[in-house]
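Working notes, beginning with the structure itself.
Number of protein chains: 2
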Amino acid sequence: MPQTASAPSPKPPTPRERARARTIEDIVRLGRDHLAVHGAAALSLRAVARDLGVVSSAVYRYVENREELLTLLLIDAYNELGDEVDAAVSALPAADFAGRFSALGSAVRRWALREPARYGLLFGSPVPGYRAPAERTTGPGTRVIYALMALLDGAYRAGRLVDPGGGAAVVPPLAADLARIRDGMGLAVSDRLLARGALVWTSLFGAVSFEVFGQYGAGTFAAPDELFSHHLAALADLAGLCAADGAGERPAY
Amino acid sequence: MPQTASAPSPKPPTPRERARARTIEDIVRLGRDHLAVHGAAALSLRAVARDLGVVSSAVYRYVENREELLTLLLIDAYNELGDEVDAAVSALPAADFAGRFSALGSAVRRWALREPARYGLLFGSPVPGYRAPAERTTGPGTRVIYALMALLDGAYRAGRLVDPGGGAAVVPPLAADLARIRDGMGLAVSDRLLARGALVWTSLFGAVSFEVFGQYGAGTFAAPDELFSHHLAALADLAGLCAADGAGERPAY
DNA sequence: AACAAATGTGAGCACTGCTCTTGACTTCCC
DNA sequence: GGGAAGTCAAGAGCAGTGCTCACATTTGTT
Chain A
655 MPQTASAPSP
665 KPPTPRERAR
675 ARTIEDIVRL
685 GRDHLAVHGA
695 AALSLRAVAR
705 DLGVVSSAVY
715 RYVENREELL
725 TLLLIDAYNE
735 LGDEVDAAVS
745 ALPAADFAGR
755 FSALGSAVRR
765 WALREPARYG
775 LLFGSPVPGY
785 RAPAERTTGP
795 GTRVIYALMA
805 LLDGAYRAGR
815 LVDPGGGAAV
825 VPPLAADLAR
835 IRDGMGLAVS
845 DRLLARGALV
855 WTSLFGAVSF
865 EVFGQYGAGT
875 FAAPDELFSH
885 HLAALADLAG
895 LCAADGAGER
905 PAY
Chain B
655 MPQTASAPSP
665 KPPTPRERAR
675 ARTIEDIVRL
685 GRDHLAVHGA
695 AALSLRAVAR
705 DLGVVSSAVY
715 RYVENREELL
725 TLLLIDAYNE
735 LGDEVDAAVS
745 ALPAADFAGR
755 FSALGSAVRR
765 WALREPARYG
775 LLFGSPVPGY
785 RAPAERTTGP
795 GTRVIYALMA
805 LLDGAYRAGR
815 LVDPGGGAAV
825 VPPLAADLAR
835 IRDGMGLAVS
845 DRLLARGALV
855 WTSLFGAVSF
865 EVFGQYGAGT
875 FAAPDELFSH
885 HLAALADLAG
895 LCAADGAGER
905 PAY
């Protein structure tokens, strides 16, 4: 099994194939730049062709159509976000669940603020007429939620994730959904904590989206970093994460 | 002071002006339909002109350009959402804070699921190259957050909003922002509860956005209503809302 | 009825995604 | 080596877009 074992073709790549792959890489790179500058809906194959120094129809040799390029950029962005989140999380000791949670959230926010247009492609309103092919995007697209759930599940197994109370009981139809998810991901967390994890997940992206999309009015928050940190602490509490090791930091209710 | 006292022209509208206003209304209505069907980025003035039974350049007599139409649709959508939220909230007694909170969240979700493209225009990724004119959109655009803050502030003044603990203390720079907001909106809630309110606000839209934008994989949640209700209860708890009147419903910690 | 403002028309420019034909070039196989 | 097969870029062309402008028509008012 030499080379990359992805496709079922064990042949070594011919020079042609290598050149072709390199051109596609260039197209994706240029597309990423255009995406970052002009946004997803304004992504133009002709503009990419111009930057590539080639006539517009030539890029159709490498990329089937605009949707295909969008899909490539989607996967590219999901993976870059996933890489950064993974790196930020694994930079802290596995037992520091609260620290890892904070690192995960901060990494998402950092990437989103640095790449607002690409973040919008992933988590904003869907591009009209474009449907992401699930079989190619669900893998990269679920890396962050997998990381979060693995984190919370690890904390649960270590006895460091305790139900914070409040809210409501899990009703049977919801419990069925949660059971399916728990089995599918090999988790151990309880229904209530799993539901809390899902809420924390969407809340995290809600907070990031408001900031990235400029939904807060301009100048409303002069200290956005502090606001996000505060939110992150509240979300850790909402998820049920106990405060950092040692001292029973949990305030008296 | 007869008529509507909006513009500094107290004259009664001429038939011409009435016809003009009616045409603009028609354009907005048709644009709304196109928006709902094809999405914001695919909104086409030419298509609207066709539906209006007029040549494309004629609509430029009524709407300066595509951006102007987008702005009109933005305001229209914000107001429709605001109207529905206000109606849902005021349908319950003013003292039923938890009920009103639930009604607010459910109204937002209901409208978003019914009008996904318009919701995307308001809370999704910004349309590339389009900047909403703040002086015309901040009014309608802040109705929901005003309603939520008024609700939480009312609960606070009635002693029915108590700090749920957890999270972190408010650091000075954030406190300054919160103080400015509190003064600007005439609120009384504490810093921590105000910050919680902001988090609940973004979390609500995060949960709705994930559902509307199909960020949950297809078929992940067979019972989305129950999931949202569960989230809503958790968010009410996060905000510090005490459960409905009478019995000390608060579960033992 | 006459005038002037408001409104509608159609041509036109520059742009987009995408298709198709044509010609040139590279690679492989006999 | 020489042909065959495959690959690639070019350019024309189609249908659509936003938007402008000169011109024609309608319409309300004087």
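Line by line, the protein sequences give chains A and B.
Plus 654 on top of the position in the first sequence (first one is 1) and you've got the numbering used here.
Plus 654 on top of the position in the second sequence (first one is 1) and you've got the numbering used here.
Note that beta-carbon positions come from the ideal geometry of N, C-alpha and C, so glycine has one too.
Cβ-based burial, residue i [other Cβ within 10 Å; buried from 16]
{"i": "D837 (chain B)", "result": "exposed"}
{"i": "Y732 (chain B)", "result": "buried"}
{"i": "E718 (chain B)", "result": "exposed"}
{"i": "V816 (chain A)", "result": "exposed"}
{"i": "P826 (chain A)", "result": "exposed"}
{"i": "S779 (chain B)", "result": "buried"}
{"i": "P818 (chain B)", "result": "buried"}
{"i": "A673 (chain B)", "result": "exposed"}
{"i": "R785 (chain B)", "result": "exposed"}
{"i": "E880 (chain B)", "result": "buried"}
{"i": "A745 (chain A)", "result": "exposed"}
{"i": "A752 (chain B)", "result": "buried"}
{"i": "G783 (chain A)", "result": "exposed"}
{"i": "G813 (chain B)", "result": "exposed"}
{"i": "E671 (chain B)", "result": "exposed"}
{"i": "A748 (chain A)", "result": "exposed"}
{"i": "R700 (chain A)", "result": "exposed"}
{"i": "T668 (chain B)", "result": "exposed"}
Pair within 9 Å by beta-carbon distance, residue i and residue j
{"i": "E769 (chain A)", "j": "A690 (chain A)", "result": "yes"}
{"i": "A822 (chain A)", "j": "H688 (chain B)", "result": "no"}
{"i": "V862 (chain A)", "j": "V762 (chain A)", "result": "yes"}
{"i": "S857 (chain B)", "j": "S857 (chain A)", "result": "yes"}
{"i": "Y810 (chain A)", "j": "A842 (chain A)", "result": "yes"}
{"i": "G860 (chain B)", "j": "F859 (chain A)", "result": "yes"}
{"i": "L828 (chain A)", "j": "A877 (chain B)", "result": "yes"}
Closest residue to residue i among the options (Cα-Cα distance)
{"i": "L776 (chain A)", "options": "A:V825, A:L726, A:V824", "result": "A:L726"}
{"i": "E721 (chain B)", "options": "B:P826, B:L697, B:S744", "result": "B:L697"}
{"i": "L895 (chain B)", "options": "B:T796, B:S744, B:A877, B:G808", "result": "B:G808"}
{"i": "T677 (chain A)", "options": "A:L724, A:A766, A:V702", "result": "A:V702"}
{"i": "I729 (chain A)", "options": "A:V682, A:R754, A:G753", "result": "A:V682"}
{"i": "G840 (chain A)", "options": "A:L805, A:V866, A:G774", "result": "A:L805"}
{"i": "G915 (chain A)", "options": "A:A829, A:L684, A:R764, A:G783", "result": "No answer is possible for residue 915 (chain A): it lies beyond the span of chain A, which begins at 655 and ends at 907."}
{"i": "Y716 (chain A)", "options": "A:A745, A:L746, A:R814, A:G685", "result": "A:G685"}
{"i": "D680 (chain B)", "options": "B:S760, B:L723, B:T668", "result": "B:L723"}
{"i": "R772 (chain B)", "options": "B:E734, B:E865, B:F875, B:P787", "result": "B:E734"}
{"i": "A893 (chain B)", "options": "B:S711, B:G759, B:L699", "result": "B:G759"}
{"i": "F864 (chain A)", "options": "A:A766, A:R700, A:D750", "result": "A:A766"}
{"i": "T874 (chain A)", "options": "B:L699, B:T796, B:T668, B:A675", "result": "B:T796"}
{"i": "F882 (chain B)", "options": "A:V824, A:S844, A:V781, A:A675", "result": "A:V824"}
{"i": "V866 (chain B)", "options": "B:G774, B:D750, B:S711", "result": "B:G774"}
Self-check item: the segment 789-808 of chain A in contact with the segment 695-713 of chain A per 3-pair CB rule at 8 Å
Solution: With the cut-off at 8 Å, the segment 789-808 of chain A and the segment 695-713 of chain A do not touch.
Quiz item: Which residue spans inside the segment 775-848 of chain B form an unbroken beta strand (DSSP E) run of at least 3?
Solution: The segment 775-848 of chain B contains no whole beta strand (DSSP E) run of 3 or more residues.
Practice problem: Evaluate the contact criterion for the segment 797-816 of chain B versus the segment 728-742 of chain B: three or more CB pairs, one atom per stretch, below 8 Å. | Solution: Yes, they touch.
Exercise. Count the C-beta pairs between the segment 826-834 of chain A and the segment 861-878 of chain A that are closer than 8 Å, then say yes if the count reaches three, no if not.
Key: no
Quiz item: Per the contact definition of three or more C-beta pairs closer than 8 Å, is the segment 876-895 of chain B in contact with the segment 844-853 of chain B?
Solution: Proximity of the segment 844-853 of chain B to the segment 876-895 of chain B meets the contact definition, three or more beta-carbon pairs being nearer than 8 Å.
Quiz prompt | Every unbroken beta strand (DSSP E) inside the segment 698-762 of chain B [3 residues or more] | solution = When DSSP assignments are scanned along the segment 698-762 of chain B, no uninterrupted stretch of beta strand (DSSP E) that is 3 or more residues long falls wholly within it.
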